[in-house]
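Numbering (the UniProt record's numbering), first residue to last: 1 to 329.
Cβ atoms here follow ideal geometry from the backbone N, Cα and C, with glycine treated the same way.
Quick caveat, the model's predicted, so the values are computed rather than measured.
Structure first, commentary second.
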């Protein structure tokens, strides 16, 4: 394995079970050390499976897989254990207050701490946690975006060598996503010296990546730098043009203009960006029943719940005995 290479797959073919057909085939890729690599493609193209192959979660039919150093994984669905928010971030590691607070700020968690009854010592977790003695307690869930930011903070604090991130920005709105990319994932973020593999459906950050890998049907169909792939006018170019022509107002004007400018500069062609207004986009989202962006979600527990003791947001479940009147039925 080359010294400048943090992870690689050579002639790799992978499946989820030995008696099932391969999900990933003929993969050959090298992840350069200390670089940000984006993995893009349509839904079902094999992006998440690629991370699973690096993690060793898939059956290897053939080929070689190697990852150098410690690995931190940020899954698409964040996992939160029934403990304090601080414990969820530290995850057993010794606390360095300076680094810890810096990570909380970068992961946009400071506002959440301000409204939690005991700050980072507030207990969070999933509902229906079985505790010792057979007791069952009811935990308070964070929103999807809050969970994802806690999960990302945990990964950052682990100080790993290689970061595998499965679309961590999908659970947050565009403004929070931009903050997380700038402060954590991107070239100016906390992880800028680390090797990062980012699976993403949002493509406005792609110009700031070092390498882009495009997948289709479990195969890598293109790989290269952003300008290089645009100039090639292949599948990635078509992918970008389709995005620019169908954008629905979630991304900032500056980011879209930057992407448009790069495409026009490289190809010499005029690109028309079809973009609805923010008002139209929000009305359409409401009509389609989409969720409100994470930063705008009113936190019901913050208004109605009070802690049991020092930051506890869980209470023991109880059952009542007696008869129910026939009039109830």
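Handout entry: Per DSSP, the bridge partner or partners of residue 196
Key = 36 and 163
Exercise for the section: Would you check if the distance between the CB atom of residue 88 and the CB atom of residue 172 is smaller than 8 Å? Expected result: no
Exercise for the section: Name the two residues that bound the continuous alpha helix (DSSP H) containing residue 236. Expected result: 235 to 246
Problem - Integer-rounded CB distance, given that residue 198 should sit under 8 Å from residue 153 - result: Not really, about 16 Å apart at Cβ, beyond 8 Å.
Practice task
Could you give the DSSP three-state label for residue 11: helix, strand or coil?
Solution key: strand
Practice task
Per DSSP, which residues does residue 65 bridge with? Please list them.
Solution key: 9
Problem - Alpha carbon of residue 257 to alpha carbon of residue 122, nearest angstrom - result: 42 Å
Exercise for the section: Find the nearest neighbour of residue 78 within the set 201, 239, 28 and 125, judged by alpha-carbon distance. Expected result: 125
Problem - Nearest candidate by alpha-carbon position, reference residue 63, set 13, 83, 30 and 22 - result: 13
Exercise for the section: Please classify residue 112: does DSSP put it in a helix, a strand, or coil? Expected result: helix
Exercise for the section: Starting from the C-beta of residue 28, find all residues in its chain whose C-beta is less than 7 Å away, skip the five residues before and the five after it, and write them out in chain order. Expected result: 9, 10 and 11
Handout entry: Inter-residue Cα distance where the pair is residue 58 and residue 22
Key = 10 Å
Handout entry: Residues that residue 226 bridges to, as DSSP identifies them
Key = In DSSP, residue 226 forms no bridge with anything.
Exercise for the section: Inspect the CB distances between the stretch 179 to 190 and the stretch 105 to 115 and report whether three or more fall short of 8 Å. Expected result: yes
Handout entry: Candidates 221, 196, 166 and 233: closest to residue 202 by CA position
Key = 166
Practice task
Kindly indicate which residue of 168, 90, 142 and 192 has the alpha-carbon position closest to the one of residue 161.
Solution key: 192
Problem - First and last residue of the uninterrupted alpha helix (DSSP H) at residue 190 - result: Segment: none, residue 190 is in no alpha helix (DSSP H) and carries neither H nor E.
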